[in-house]
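Offset between the sequence shown (1-based) and our numbering: plus 8.
Virtual Cβ for every residue (Gly too), placed ideally from N, Cα, C.
Structure record follows, encoded as structure tokens.
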Amino acid sequence: YVPSDVSDPSMAQINQKPLKGDGLQERVEVNKKSQEEFGKLMAGADYDNEIIKEFYGMMCEDISRERRRIGGDWVVAAVTLGKDMRDFMRSILGPDLVFVGLDMEMEDVKERVLARHKGDAGVTEMLLEINKFCEAVTEDEENAVSVMITKDMSREDVVNKILEMVK
């Protein structure tokens, strides 16, 4: 878990502790297999979408179990490749799940990612490349909103815009 009061949540996720308990070894194996498939996807090669789906399914099971244990409303930051995967995740997490797609001009994204990763161009290019494989949220998609972020918006502005749109 990433505390809500950290100055840079994206980078703070590196320090989060992995989940433990029943199914740990299975999660480790699925994660390893899915990373191989994500690598193929990024390289433009054929990949096994069922393995990627298994990864997202296990992530949803973890979210569901932890939410039952802890309670409350949750925000989970993750990349979802498209509507089919979002629908699959909804089938596990239920109809109250809301997806928030964050959209921004690519030059502005590049500027923010470069700053976050202290000028590391390699990491920045890899993260920007992922965007090419993601299908944007559409207006007709249930329980999904798309938020256009401009470079002059603060984090608080973005959060307020999201909260306004998901009411």
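Query: Please classify Thr132: is it buried, with 16 or more other beta-carbons within 10 angstroms of its beta-carbon, or exposed?; Result: buried
Query: Between Leu122, Glu164, Arg98, which has its C-alpha nearest Ala152's C-alpha?; Result: Arg98
Query: Assess, as a yes-or-no matter, whether the stretch 151-169 is touched by the stretch 99-116 under the definition of 3 or more beta carbon pairs within less than 8 Å.; Result: yes
Query: With a threshold of 16 other CB atoms inside 10 Å of the CB of Tyr64, please say whether the residue is buried or exposed.; Result: buried
Query: Which class does Leu32 belong to by DSSP, given the choice of helix, strand or coil?; Result: helix
Query: Go ahead and pull the three-state DSSP assignment for Ala152.; Result: strand
Query: Tell me, which residues are paired with Val108 by DSSP?; Result: Val153
Query: Between the stretch 123-130 and the stretch 82-92, are three or more C-beta pairs nearer than 8 Å?; Result: no
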